[in-house]
Amino acid sequence: TAAFLNFNTAVLLFYNKHKNNKKYINKKIEKEFPKFMERYWLSKWKFLKLVFNKKYYGNALISRVDIFYECPLNEVQKIWGGRDIVFVYSKAGRFEKDERLFGNIKSVEEIFIPAINAFSEYEVILSKCLKKSKDKLFLIAAGPTATVLAYDLAKHGYQAIDIGHLPNCYSEFLGEIDSPEFLPKEK
C-alpha cells in the first residue's frame, strides 16, 4: 500500500458552484447522490485519510459533463487543437466524433475496436497503436480498456487520453441527451 499512497488522486467536486443548476443535476441525483457520498466518505475515511495526504487535488473528470461547466469549450479543445490524432473507438458503440468538439484537429486516423469487451482484443489493439508515430495524440473511448491502453501507451512514450463519454457529455451539457449512460452500448 505504500506505493499506492504516492499516486495522484482526482476528487469529484461534490458541492461545487453548479449545485443549484437544475440543468446540471437532475432531481434524483440531487436527492440521493450526496447521501451516498456522505456514507461512502464516512465509511472509508480511515483508509482515505492516508490517501489524501496532499494539499490540492485535481479534477481529472474529462469524460464527464463537469468539464464543460468548469472550462470553456475553447480551453478543452486546446488539448487536441492543431494535433494529429488517433481515435481508438468502436464504430458500433456510443462514441461520436462530434465536429463541434473535434473540428480543430489537424489530421485524424482511427483504430476500430469491439463495442463490448474490447479488452478481449487488447494485445491486437495495443499492437496497432504502437505502429503509429509518437507525435500523434491518442484519444481513446473504449470503456475500462481505455484506461489500461492510455497507461500502456504512456509507458511506451506516447501521449494518450481516455476521453470516455466526452462527446456524449457535451451533448448532455447542451441538453440534447439526458445522460451518456442512457444510450445503448451498441448502435
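Residues 4 to 190 in the working numbering are what the sequence shown lists, from first letter to last.
C-beta atoms are modelled at their ideal positions from N, C-alpha and C, and glycine is treated no differently.
For residue i, which residues in the same chain have their Cβ closer than 8 Å to its Cβ, ignoring the five residues on either side in sequence?
i           : result
residue 186 : 97, 171 and 180
residue 83  : 105, 107, 108, 140 and 142
Output yes or no for whether 7 Å exceeds the beta carbon distance between residue i and residue j.
i           : j           : result
residue 89  : residue 139 : yes
residue 164 : residue 142 : yes
residue 148 : residue 115 : no
residue 167 : residue 66  : yes
residue 117 : residue 126 : no
Check each candidate in the options and name the one with the smallest Cα separation from residue i.
i           : options               : result
residue 157 : 167, 174 and 136      : 136
residue 71  : 152, 174 and 55       : 174
residue 169 : 159, 161, 151 and 146 : 146
residue 183 : 99, 48 and 77         : 99
residue 112 : 150, 95 and 131       : 131
residue 79  : 103, 95 and 154       : 103
Measuring straight from C-alpha to C-alpha, what distance separates residue i and residue j?
i           : j           : result
residue 176 : residue 81  : 19 Å
residue 75  : residue 52  : 33 Å
residue 50  : residue 44  : 10 Å
residue 46  : residue 55  : 15 Å
residue 150 : residue 144 : 9 Å
residue 106 : residue 152 : 25 Å
residue 94  : residue 77  : 26 Å
residue 101 : residue 41  : 36 Å
Ignore the nearest five residues each way along the sequence and tell me which others in residue i's own chain have a CB closer than 7 Å to its CB.
i           : result
residue 18  : Its pLDDT being 39, under 50, residue 18 is placed unreliably in this model, and the value from its coordinates should be taken loosely. Closer than 7 Å at the Cβ level, and outside the excluded window around residue 18, lies no residue.
residue 109 : 85, 86 and 87
residue 133 : 159
residue 25  : Any answer about residue 25 is weak, because its pLDDT of 44 lies below 50 and its placement is not dependable; what the coordinates show is given next. The answer is none, since no qualifying residue turns up.
residue 161 : 137 and 141
residue 68  : 172, 175 and 176
For chain D, is any of its Cβ atoms less than 7 Å away from the one on residue i?
i          : result
residue 66 : Here chain D cannot be found, since the structure has a single protein chain.
Near residue i, which residues of its chain fall below 6 Å by C-beta distance, leaving aside the five closest residues on each side in sequence?
i           : result
residue 154 : none
In the region 66–146, which residue ranges form an unbroken beta strand (DSSP E) of at least 3 residues, counting only runs that do not cross its ends? 87–92, 110–115 and 140–143
Going residue by residue through the region 147–175, where are the continuous alpha helix (DSSP H) segments of at least 4 residues, counting only ones entirely within it? Scanning the region 147–175 for uninterrupted alpha helix (DSSP H) segments of 4 residues or longer gives 147–158, listed from N- to C-terminal end.
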